[in-house]
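In the working numbering, the protein residues as written are -8 to 248.
In this text, a Cβ means the ideal position worked out from N, Cα and C, and glycines have one as well.
In this text, all values refer to a predicted model and were calculated from it rather than measured experimentally.
First up is the structure itself, then whatever we jot down about it.
Right, dumping it as structure tokens:
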């Protein structure tokens, strides 16, 4: 399924936070959305996950307006990992992850053998299988984040939206999470859209980058096309330096002292 924002404009309290944003994510593609704090990254995720209706423009899934789809139909197609996921009830990790199977079950239907196998695979991929019997309330922020990721993977979506998925995670798990997302892209042709703060992680894992600045698209293209001093300087300031990565030859973004 192709996910698309077409001329999307959104406002809070009368002030535009996204202005005429157009982008597309195709099956088997991992697109990273970059930009400073307040540039509109999370607002874009909210629009594409049917949480926020745009003031202008449309959010489309295979050409159909997302806001015309039913919640169940949307949940079968789109998995979302928001920045914050309140989990205040005393569920076990395994129970939380199995919630990802809900869109695929009929009313009052219990999870079957395949549902549990999918959930186990997602927990193993995210390093949460050993936590399966623990209460979600007893976990650290990073552990919770990985559980929420496992729940989204268990959903088996055709489109995966990740809003700062590496927040609260140490470097090893940051890499692991993006490797899993890239694996879904390669194995199942999942379309992945992720907002990221770390430009170098984006360069390492994304097929295409979308750079936002003050709610508008400042640049789109491959990491080599977007991560240049000429493009990043006006967005992030004069202390950006871009070099070639010694191992990959791709762009490596550094702070200029």
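Same chain, Cβ closer than 6 Å to residue i, neighbours up to 5 away in sequence not counted
| i | result |
| --- | --- |
| residue 196 | 169, 173 |
| residue 191 | 244 |
| residue 154 | 33, 36, 73, 74, 186 |
| residue 76 | 139 |
| residue 16 | -6, 22, 182, 184 |
Bridge partner(s) assigned by DSSP for residue i
| i | result |
| --- | --- |
| residue 242 | 235 |
| residue 109 | Answer is none; residue 109 lacks a bridge partner. |
Backbone CA spacing between residue i and residue j [nearest angstrom]
| i | j | result |
| --- | --- | --- |
| residue 21 | residue 81 | 34 Å |
| residue 66 | residue 152 | 12 Å |
| residue 149 | residue 94 | 13 Å |
| residue 161 | residue 61 | 37 Å |
| residue 55 | residue 247 | 45 Å |
| residue 5 | residue 222 | 29 Å |
| residue 215 | residue 241 | 7 Å |
| residue 193 | residue 97 | 38 Å |
Given residue i as reference, the closest of the options once Cα atoms are compared
| i | options | result |
| --- | --- | --- |
| residue 118 | 13, 166, 1 | 166 |
| residue 125 | 159, 154, 84 | 84 |
| residue 33 | 17, 3, 138 | 3 |
| residue 18 | 184, 232, 236 | 184 |
| residue 131 | 116, 141, 159 | 159 |
| residue 87 | 134, 129, 139, 62 | 139 |
| residue 90 | 143, 227, 226, 5 | 143 |
Close Cβ partners of residue i (< 7 Å) along its chain, the five nearest in sequence each way excluded
| i | result |
| --- | --- |
| residue 120 | 111, 114 |
| residue 249 | This structure gives no information on residue 249, because the portion of the chain shown stretches from -8 to 248. |
| residue 9 | -1, 0, 1, 31, 34, 35, 206 |
Residue i (DSSP reduced to helix, strand or coil)
| i | result |
| --- | --- |
| residue 51 | strand |
| residue 87 | helix |
| residue 208 | strand |
| residue 169 | helix |
| residue -5 | strand |
| residue 11 | strand |
Sequence-distant residues of the same chain with beta carbon closer than 8 Å to residue i, five excluded per side
| i | result |
| --- | --- |
| residue 92 | 102, 106, 109, 110, 145, 146 |
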